[in-house]
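Note sheet for the following structure.
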Amino acid sequence: MPPKRYLVTAALPYANGPLHFGHIAGCYLPADCYSRFLRQNGEDVFFVSGSDEYGVAITLSAEQAGRSPKEHVDHFHAINKAFFETLKISFDHYSRTTIDIHTKTAQEFFTTLLNNGWVEEQMSDQLYSEADGRFLADRYVEGTCPKCGFDKARGDECTSCGASYEATDLKNPKSKLTGAPLNTKATKHWFLRFDKFKDQLIQWIQDKPWKANVKSFAKHYIDELKPRAITRDSNWGIPVPLDHAEGKVLYVWFDAPIGYISMTKEWDENRWSDFWQNSDTQLTHFVGKDNIPFHAIFFPAMLMGMDQNYKLVDDLPANEFLQYEGKQFSKSAGHTIDLERFFKQFTPDQIRYVLAANAPETQDADFSWDDFQTRCNSELVGKFGNFANRSLVFIQRKLDAVIPAHGDLTPDDQDFLDRCRELKEQIHAAYSGYSLRKATQLIMELAQIGNIYFDHKKPWKDLEGAKTTLYCCLQCLQDLAIAAAPIIPTSAGKLWALLGYATPLTTWNHDPILAGQPLPTPEILFAKVEDDQIQAAK
2 MPPKRYLVTA
12 ALPYANGPLH
22 FGHIAGCYLP
32 ADCYSRFLRQ
42 NGEDVFFVSG
52 SDEYGVAITL
62 SAEQAGRSPK
72 EHVDHFHAIN
82 KAFFETLKIS
92 FDHYSRTTID
102 IHTKTAQEFF
112 TTLLNNGWVE
122 EQMSDQLYSE
132 ADGRFLADRY
142 VEGTCPKCGF
152 DKARGDECTS
162 CGASYEATDL
172 KNPKSKLTGA
182 PLNTKATKHW
192 FLRFDKFKDQ
202 LIQWIQDKPW
212 KANVKSFAKH
222 YIDELKPRAI
232 TRDSNWGIPV
242 PLDHAEGKVL
252 YVWFDAPIGY
262 ISMTKEWDEN
272 RWSDFWQNSD
282 TQLTHFVGKD
292 NIPFHAIFFP
302 AMLMGMDQNY
312 KLVDDLPANE
322 FLQYEGKQFS
332 KSAGHTIDLE
342 RFFKQFTPDQ
352 IRYVLAANAP
362 ETQDADFSWD
372 DFQTRCNSEL
382 VGKFGNFANR
392 SLVFIQRKLD
402 AVIPAHGDLT
412 PDDQDFLDRC
422 RELKEQIHAA
432 YSGYSLRKAT
442 QLIMELAQIG
452 NIYFDHKKPW
462 KDLEGAKTTL
472 YCCLQCLQDL
482 AIAAAPIIPT
492 SAGKLWALLG
502 YATPLTTWNH
512 DPILAGQPLP
522 TPEILFAKVE
532 DDQIQAAK
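Throughout, the working numbering is defined as the position within the sequence shown, counted from one, plus 1.
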């Protein structure tokens, strides 16, 4: 039976800095296109995300910026929310983890897991700085990776090899604040017994239709599961809801995925359970590959340990990384793109299209300015925009700006319409399979066969026969607008209006275009990207 509703999540962006194109390509654009596609097909969809606002990395950056943690997350929550709005990411609800209902929900998770026997209190050795007079964890700590030997590994994971570990596993740990060496000191924390979920997780993951790299990565983590601390010593975070836990907060990786649930509750207290506690829901997590363990293993195990029959993830289309001109995006190294400057030169649809066409679906991909300019000019302008403009201008000038009635279809006409229908079906399948690269290729093929058909039919030589030719061209343009709407919604909506529709484009299946409908004056859909624009945006 097909699902009755779709729950789509996009990884909670950390409110510790501005987003970059790598984040958009790996997670948010694919999630948005998929959600838009589902809505066009009349599905009941809820698309949720929000700022991840706790953790020691926040306190560290806030200290360095001279802000309180709350001021810090308020600042970046506003910046990233505005950027998502500019980029036309169509969240049904975008929130944050500092809301009261998230505190309540995360604490309920902790209490239930504790009462069910999945959480244990333990004394453990943690890294302590005599110079700072406090325990240091995660991003306050730097040392040598225990797996690959990288000497600037973080306290929770290695940015070189991607390994995840406890801070106490680091070799030669030192304080990121003072550079002072760290020693270990006993402190009390609560651990989630992930090792007890091994058999259940192995059984559950067997038939998951995930990408091979995602599934193998997840299986590797299951093999090495062990108890994992879910609390930290801090004054910034969700307090552990126990009387004897002063100064202890929930570890950010534990509370963050619960945010999907608490944000859904905030959206609708009556409907949240329809999505989260119902087997008829299809749950898809969109994440980058660095978030695979948390969404494929740790969060599902947490849900398994609850009493409320929570929905576990069905699909996990995790993408690889997008690089910038051959290297990782890095604000500290100055290897990044100023998004505010970018959007003074270019439209959201231009970057949405280029990122979709170059999506890092199976391997790391690269954003370059040359590729951006080429795709915008040769594909959006030269294929898509050219076909739309030449067809609409011809009708405006030669056919009284009215959709013509078609005569008898020749074999060429019928073959063209059949091929348009086939391509639209293939684009539908590409969206269903989370393949934006394939969708963009097919969309451009659809535009290009329109150009080829127009050239082949030479409507300027036979105005009577041109009526059938242009009717077929408009039918292809309707298919193009529908098929491209998830990726370039503004331009697709503009094309839809140029086809004479007064209501917005909201459906995937639509009646054929209507002969006799007056058409508005044509407009250019895409502007050419000039060299000086590229220079101004760099």
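Note that beta-carbon positions come from the ideal geometry of N, C-alpha and C, so glycine has one too. This structure is a prediction, so every number in the text was calculated from the model and none was measured.
Three-state secondary structure assigned by DSSP to residue i
i           : result
residue 98  : coil
residue 144 : strand
residue 120 : strand
residue 466 : helix
residue 70  : helix
residue 385 : helix
residue 379 : helix
residue 229 : strand
residue 178 : coil
residue 513 : coil
residue 490 : helix
residue 289 : strand
residue 280 : coil
residue 78  : helix
residue 299 : helix
residue 241 : coil
residue 314 : coil
residue 390 : helix
residue 236 : coil
residue 160 : coil
residue 359 : coil
residue 46  : strand
Straight-line gap, residue i to residue j (C-alpha atoms, nearest Å)
i           : j           : result
residue 23  : residue 357 : 12 angstroms
residue 33  : residue 361 : 16 angstroms
residue 347 : residue 105 : 42 angstroms
residue 122 : residue 199 : 20 angstroms
residue 187 : residue 156 : 17 angstroms
residue 211 : residue 320 : 12 angstroms
residue 12  : residue 454 : 43 angstroms
residue 68  : residue 16  : 13 angstroms
residue 18  : residue 63  : 11 angstroms
residue 307 : residue 490 : 40 angstroms
residue 111 : residue 118 : 11 angstroms
residue 466 : residue 459 : 9 angstroms
residue 238 : residue 257 : 11 angstroms
residue 1   : residue 345 : Any question about residue 1 goes unanswered here, given that the chain covers just 2 to 539.
residue 424 : residue 482 : 13 angstroms
residue 384 : residue 422 : 18 angstroms
residue 512 : residue 89  : 27 angstroms
residue 419 : residue 87  : 37 angstroms
residue 516 : residue 373 : 38 angstroms
residue 114 : residue 532 : 58 angstroms
Beta-carbon contacts of residue i that lie in its chain and below 7 angstroms, excluding the five residues immediately before and after
i           : result
residue 252 : 230, 231, 232, 233
residue 144 : 154, 171, 172, 173, 174, 175
residue 276 : 6, 8, 47, 265, 282
residue 70  : 59, 60, 63, 237
residue 36  : 9, 46, 48, 91
residue 369 : 326
Among the options, nearest to residue i - alpha-carbon criterion
i           : options            : result
residue 475 : 360, 514, 494, 462 : 514
residue 534 : 377, 161, 125, 58  : 377
residue 401 : 382, 519, 449, 164 : 519
residue 20  : 76, 165, 364       : 76
residue 388 : 331, 339, 449      : 449
Same chain only: Cβ atoms within 8 angstroms of residue i, ignoring 5 sequence neighbours per side
i           : result
residue 278 : 309, 310, 311, 312
residue 135 : 129, 234
Sequence-distant residues of the same chain with beta carbon closer than 6 angstroms to residue i, five excluded per side
i           : result
residue 427 : 443
residue 440 : 428, 431, 432
residue 405 : 468, 471, 472
residue 45  : 6
residue 494 : 506
residue 255 : 231
residue 263 : 102, 103, 106
residue 366 : 323, 359
Cβ of residue i within 8 angstroms of any chain D Cβ
i           : result
residue 165 : No chain D is present in this structure, which holds just one protein chain.
Residue i beta carbon near the ligand NAP (any heavy atom closer than 7 angstroms)
i           : result
residue 306 : Questions concerning the ligand NAP fall outside what the structure shown contains, since it holds no ligand whatsoever.
Check your understanding: Does the count of Cβ pairs from the stretch 292 to 310 and the stretch 193 to 210 closer than 8 angstroms reach three?
Key -> At 8 angstroms Cβ cutoff, the stretches touch.
Practice item. Answer yes if the stretch 277 to 295 comes into contact with the stretch 18 to 34, meaning at least three C-beta pairs across the two stretches below 8 angstroms, and no otherwise. Key: Taking a cut-off of 8 angstroms on C-beta distances, the stretch 18 to 34 touches the stretch 277 to 295, as three or more cross pairs fall below it.
Practice item. Give a yes or no on contact between the stretch 319 to 331 and the stretch 408 to 419, applying the rule of three or more CB pairs nearer than 8 angstroms. Key: Under the three-pair Cβ rule at 8 angstroms, the stretch 319 to 331 does not count as touching the stretch 408 to 419.
Check your understanding: So, do the stretch 174 to 189 and the stretch 113 to 130 have three or more beta carbon pairs nearer to each other than 8 angstroms?
Key -> With the cut-off at 8 angstroms, the stretch 174 to 189 and the stretch 113 to 130 touch.
Exercise for review: Could you say if the stretch 49 to 68 and the stretch 89 to 108 meet the contact criterion of at least three C-beta pairs nearer than 8 angstroms?
Suggested key: Touching, yes.
Review point. Between the stretch 74 to 84 and the stretch 38 to 50, are three or more C-beta pairs nearer than 8 angstroms?
Key: The stretch 74 to 84, when compared against the stretch 38 to 50, does not touch it at the 8 angstroms Cβ threshold.
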